[in-house]
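Presented below is the structure to which this report refers.
Protein chains: 2
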Amino acid sequence: MSPPAAEGTLNLGSVNQRGHLADQVARQLAALIQDGTLTPGDKLPTEARLVEDLKVSRSVVREAIARLQSEGFVESHQGKGVFVVDWSSRRPFRLDGEQISAPDDLAALIELRVELESGAAALAASRRDDKECAYLRDCVERMAKAGDAASMSEADLDFHIGIAKATHNAYYQDLSRYLNRHIRVAIAQCYRPPTHYSGTRQVLLDEHRAILTAIERGDADTARSAMRMHLSRVMERLSLSESAHA
Amino acid sequence: MSPPAAEGTLNLGSVNQRGHLADQVARQLAALIQDGTLTPGDKLPTEARLVEDLKVSRSVVREAIARLQSEGFVESHQGKGVFVVDWSSRRPFRLDGEQISAPDDLAALIELRVELESGAAALAASRRDDKECAYLRDCVERMAKAGDAASMSEADLDFHIGIAKATHNAYYQDLSRYLNRHIRVAIAQCYRPPTHYSGTRQVLLDEHRAILTAIERGDADTARSAMRMHLSRVMERLSLSESAHA
DNA sequence: CCGATAAACTTGTCAGACAACTGACATCCT
DNA sequence: AGGATGTCAGTTGTCTGACAAGTTTATCGG
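Keeping their order, the protein sequence lines are chains A and B.
Going by my numbering, the first sequence opens with residue 6, and the numbers climb by one from there.
Going by my numbering, the second sequence opens with residue 6, and the numbers climb by one from there.
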């Protein structure tokens, strides 16, 4: 544990970023924590100091600190101060918008998704009930009938979420939902919407059907392999195979 | 999108829970969001209404809402109100303390960890460098020399974090670190510290060495299998095998 | 009826005051 | 000399009131 940062020595500058002041202060302080200027155990400057240095009201400072607390960066102790915690293992797993702008970030994220959803497919094969199978079947049918990329994408998302649900494991569901959402947002930002997808449409359908069939049959290993193959090919189609690690 | 909840009809009761008021209000509102009383698109009661109903100051309400924003539950729009977002896919993946108190919760979480760390081991086998191998070797040696359960556990944790690092994928590292921490905290809460672990110590060492050897050899498939076997056995040792899904 | 303006409503920020808590230091008692 | 108790300064937690900025609703005039 390093000695507490001396008050007044933090490079706080002025608040000059976008968004509301409390947002800005929270982001500024988070940056100091994430770049190692403030390390676990360090005490943040007092509220009074921050008010003076940042030229904002105490309410703004307090709201910023409330945010940092919720984000798992700090803990506040009345009468003592606000301290940086061991956030690297306590901060909820989150994907920040700016983090996924580069192809290698997206590739790394999809790589994680490959593992997660392969496992989900295997569990779903073991645990799905008839209703869940019917839902997955419906998703694949909707994909087959989709008239545009958006409908296709929505049915695709529902398929993947349906599989996570069929695992009967809430953590899989939560994480899968979160990853799926962010990956789709990132893809939409990085890649032009395909004007035609007919070239890959049949391939996509075949891949989804293979996954569905394995799940229906209760064949965990085949479901796992089919999902892995499907998602690995997503990566190839996005030309990401060589970008997953720096 | 359901019509906004009518103001005044929320069962807000009084603030009577532990912790600071802003914490309590945030938790209370989060519960309303998570139990479906407030659904995505719904507008929260105004600050003035909350102040009146909860009999707290406006600062407390604002700090609570700041927390909910950071937690991914709501967005606030000046002049309009505070609205519940589609939080189920936008809220960072988090593990709340109370969530992991039952064996079936812990089993579900370990089940997720099995997939994640199996994948990590495979990637680490493909990507590790000599320095990372040396670090893993050191961890296993520390485990072999550990004089008590705490030292063993610490070396074990470092081994797993070292593997996640060797994936060269930041998402794996973040998620692995987060899962490992929470699983250890949950195990410590649910299970008595083993007074003797000599019965399983050799087995544990052998399992870790098998993983290490596969990683050193760059054998992704064997590393994956060895890690899967190791963690599945952790579940068995904790008598969790039959608890992973309800 | 439609467009412009004013008023009302809602969140964002500021400032000041007091409450509750912590730690350091001084004083008192054994 | 050592331990217990009290005081004070510093820090966070809460409350109150005021004004700024943005949105929605109501009013007025053509």
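Glycine is no exception: its CB is placed at the ideal position from the N, C-alpha and C atoms.
C-alpha distance - residue i paired with residue j, whole-angstrom precision
i: A:A251; j: A:L26; result: Interpretation of A:A251 is limited by its pLDDT of 42, a score under 50 that renders its predicted location unreliable; the figure taken from the coordinates is listed afterwards. Rounded to the nearest angstrom, the two C-alpha atoms are 35 Å apart.
i: A:A126; j: B:A225; result: 21 Å
i: A:H173; j: A:G84; result: 45 Å
i: B:A10; j: B:A71; result: Reliability of the predicted coordinates at B:A10 is poor, the pLDDT of 41 falling under 50, and the value obtained from them is presented with this limitation in mind. Rounded to whole angstroms, B:A10 to B:A71 spans 21 Å at the Cα level.
i: A:L73; j: B:P97; result: 14 Å
i: A:A231; j: B:D161; result: 33 Å
i: B:E57; j: A:V30; result: 29 Å
i: A:H213; j: A:H235; result: 8 Å
i: B:L141; j: B:E120; result: 20 Å
i: B:C144; j: B:L217; result: 10 Å
i: A:D211; j: A:I220; result: 14 Å
i: A:S158; j: A:S64; result: 43 Å
i: A:A112; j: A:S237; result: 10 Å
i: A:T227; j: B:A35; result: 40 Å
i: A:G124; j: B:D179; result: 19 Å
i: A:S75; j: B:S75; result: 6 Å
i: A:Q39; j: A:Q207; result: 45 Å
i: A:N185; j: A:Y177; result: 12 Å
i: B:D47; j: B:M148; result: 53 Å
i: A:S81; j: A:A215; result: 52 Å
Residue i: CB within 7 Å of a non-hydrogen atom of the ligand COA
i: B:A107; result: The ligand COA is not among the ligands present in this structure, which contains no ligands whatsoever.
Per-residue burial, residue i [other beta carbons within 10 Å of its own, 16 or more giving buried]
i: B:M146; result: The amino acid at residue 146 of chain B is misidentified as Met; the sequence shows Glu. Label assigned to B:E146: exposed.
i: A:G152; result: exposed
i: B:R187; result: The displayed chain sequence assigns His, not Arg, to residue 187 of chain B. Buried, since its Cβ has 16 or more Cβ neighbours within 10 Å.
i: A:E241; result: exposed
i: A:H165; result: buried
i: A:R222; result: exposed
i: A:S181; result: buried
i: A:S94; result: buried
i: B:Q33; result: buried
i: B:H201; result: Model confidence at B:H201 stands at a pLDDT of 48, short of 50, so the residue's coordinates are unreliable; what they give is reported in the following sentence. By the 10 Å Cβ count, B:H201 comes out exposed.
i: B:D101; result: exposed
i: B:G77; result: buried
i: A:G167; result: buried
i: A:D91; result: exposed
i: B:T14; result: Residue confidence for B:T14 is low, a pLDDT of 47 falling below 50, so the modelled location carries little weight; the figure read from the coordinates is stated next. Its Cβ having fewer than 16 others within 10 Å, B:T14 is exposed.
i: A:A191; result: buried
i: B:A53; result: exposed
*Residues, ordered as in the chain, of the region 72-103 of chain A that lie near chain B by beta-carbon distance below 9 Å*: R72, L73, Q74, S75, E76, G77, S81, Q83, D91, S93, S94, R95, R96, P97, F98, R99 and L100
*Could you name the residues of the region 132-164 of chain A whose beta carbon sits closer than 7 Å to any beta carbon of chain B, in the order they occur along the chain?*
R132
*Using a Cβ-Cβ cut-off of less than 7 Å, give me the residues of the region 45-69 of chain A that come near chain B, in sequence order.*
S64, R67 and E68
*Output, in sequence order along the chain, the residues in the region 217-228 of chain A whose CB is closer than 7 Å to any CB in chain B.*
none
*Closer than 7 Å, Cβ to any Cβ of chain A: which residues of the region 117-128 of chain B, in chain order?*
L117, E120, L121 and G124
_Entirely enclosed beta strand (DSSP E) segments - the region 80-126 of chain B, minimum 3 residues_ = With a minimum length of 3 residues, the continuous beta strand (DSSP E) runs that stay inside the region 80-126 of chain B are 86-89.
*Sufficient close CB pairs (3 or more, under 8 Å) joining the region 129-146 of chain B to the region 170-185 of chain B*: yes
*asked:* Residues of the region 182-196 of chain B in Cβ contact with chain A at a cutoff of 9 Å, in chain order, please.
replied: With the criterion set as a beta carbon lying under 9 Å from some beta carbon of chain A, the members of the region 182-196 of chain B are R182, Y183, L184, N185, R186 and H187, in sequence order.
_Every unbroken alpha helix (DSSP H) inside the region 122-194 of chain B [4 residues or more]_ = 135-150 and 154-171
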